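Beneath this line is the structure, given in structure tokens, with notes to follow.
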Amino acid sequence: MSKKSGQYTPSVKLVARVFAKKPEGVAEKVASLKSLIDAFKKLRDETETPVKLCLVVPVSKSFVDHDCGETLAALKEAYDSDPDISFDNSNLDPFCGLLNEAAALALMGGHTDMLVISPEAASNLTKDNFEMMIRARHRGAKVVGLALKELAESIRAGAIANTFALWDIVALLSVGGFDFRAANALVNDKLQAFVQGTNERGEEIFYPQAGVEEIIPLILLMRTFGRCIAPLSPKDPGSWKLPTEPAGLERHIKKMAAQSTRQAGMAELVN
1 MSKKSGQYTP SVKLVARVFA KKPEGVAEKV ASLKSLIDAF KKLRDETETP
51 VKLCLVVPVS KSFVDHDCGE TLAALKEAYD SDPDISFDNS NLDPFCGLLN
101 EAAALALMGG HTDMLVISPE AASNLTKDNF EMMIRARHRG AKVVGLALKE
151 LAESIRAGAI ANTFALWDIV ALLSVGGFDF RAANALVNDK LQAFVQGTNE
201 RGEEIFYPQA GVEEIIPLIL LMRTFGRCIA PLSPKDPGSW KLPTEPAGLE
251 RHIKKMAAQS TRQAGMAELV N
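Using the working numbering, you'd call the opening residue of the sequence shown number 1 and step up by one each time.
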């Protein structure tokens with residue numbers, strides 16, 4: 001925000017969480033990021049808004065989801081020639097702590113906004129989509145999300161997802177950031193909560209309550225700032241790549257089947 005004019009002057013840090021659980025998956029994970037890297041470079045060349053990209057690797061073995069320890073070095077070897085692309089490890093949990101840390105570092109670096117993006121949604125990172133989101137921020141939105149694929153219905157209802165979400169950093173941190181009640185479970189957590197859902201075949205599934213870290217800050221942002229959430233349909237509808245390996249695809253299906261139940265559970269925590 002310009003102190004002289006009071007006008008919103010955006011500077012955006014793109015943040016993507018990246019990890020490979022096993023060393024044998026590192027090469028494929030690094031190669032899969034090329035589409036995100038290419039989309040970022042194209043966007044940077046086409047938009048007037050200053051943008052930078054940071055790939056963050058969660059490395060703490062205290063949490064269920066963490067990197068094998070080899071991804072950061074492989075990323076730097078493959079992509080470390082662009083001054084607008086940075087790489088970092090995080091010892092915090094990948095759902096909440098990592099993003100809070102990334103937001104704080106982005107703010108310290110002079111950025112007004114953090115765009116959290118899933119590498120699988122990279123094809124949606126276009127000039128038209130990006131600038132449409134920036135215009136929503138100019139109109140006063142504190143968080144803007146693209147309604148993508150399976151999540152489109154809930155995103156249009158206001159449940160913005162970090163698959164593709166632009167956050168006003170100061171507003172986000174002013175309501176406490178991403179609440180640690182949605183944090184990734186600790187490895188030795190014997191009391192991890194699960195929720196029940198139903199898959200497309202009508203079968204019961206169970207999935208960890210942890211995640212959907214967006215819900216609590218979204219509710220607190222609305223309570224603080226009023227109507228400040230902007231769900232948008234993409235102008236350039238890209239793809240959202242699903243996992244190809246059987247275990248990853250099964251996890252994704254269960255995650256989607258339990259999504260609304262998990263969101264409701266997080267909402268209940270803040271009444």
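Here a beta-carbon is modelled for each residue, glycine too, at the ideal position from N, C-alpha and C.
Since we're looking at a predicted model, the values are computed, not measured.
Let me know if residue i comes out buried or exposed under the rule of 16 or more other beta-carbons within 10 Å of its beta-carbon.
i	result
M114	buried
R17	buried
D45	exposed
E24	exposed
R227	exposed
H138	exposed
R262	buried
P9	First, the amino acid is wrong: residue 9 is Thr here, not Pro. It is exposed - the Cβ of T9 has fewer than 16 other Cβ atoms within 10 Å.
L191	exposed
Pick out whichever of the options has its Cα sitting closest to the Cα of residue i.
i	options	result
E204	L98, V195, L232, G211	V195
E101	P231, K76, N124, K13	K13
V270	P208, L166, V170, F178	F178
D65	V56, F87, D93, I85	D93
I160	I169, V170, A147, A171	A147
D189	K61, V144, E214, C54	K61
L220	E268, E48, L125	E268
I need the boundaries of the alpha helix (DSSP H) containing residue i, first residue and last residue.
i	result
D45	34-46
K235	Run containing K235: none; DSSP gives neither H nor E here.
I155	152-156
G97	97-108
V144	Counting along the chain, V144 falls outside any alpha helix (DSSP H), though it belongs to the beta strand (DSSP E) covering 143-146.
To which residues of the same chain is residue i closer than 6 Å at the C-beta, ignoring the five residues directly before and after it?
i	result
G69	none
Could you check where the beta strand (DSSP E) with residue i kicks off and where it finishes?
i	result
S86	85-90
F130	Unbroken run through F130 is the alpha helix (DSSP H), 127-138; no beta strand (DSSP E).
F225	It is not in any beta strand (DSSP E) - F225 instead sits in the alpha helix (DSSP H) that spans 215-225.
L14	12-17
Within the same chain, show all residues whose beta-carbon is closer than 7 Å to that of residue i, passing over the 5 residues directly before and after it, in chain order.
i	result
A20	V26, K29, D67, C68, T71
G265	V195, Q209
L186	S62, F63
* To do: Report yes or no: do the stretch 123-137 and the stretch 78-95 share at least 3 C-beta pairs separated by less than 8 Å?
  => no
* To do: For the stretch 58-76 and the stretch 35-50, state whether three or more C-beta atom pairs, one from each stretch, are separated by less than 8 Å.
  => no
* If we count Cβ pairs, one from each stretch, closer than 8 Å, do we get three or more for the stretch 163-183 versus the stretch 116-125? -> yes
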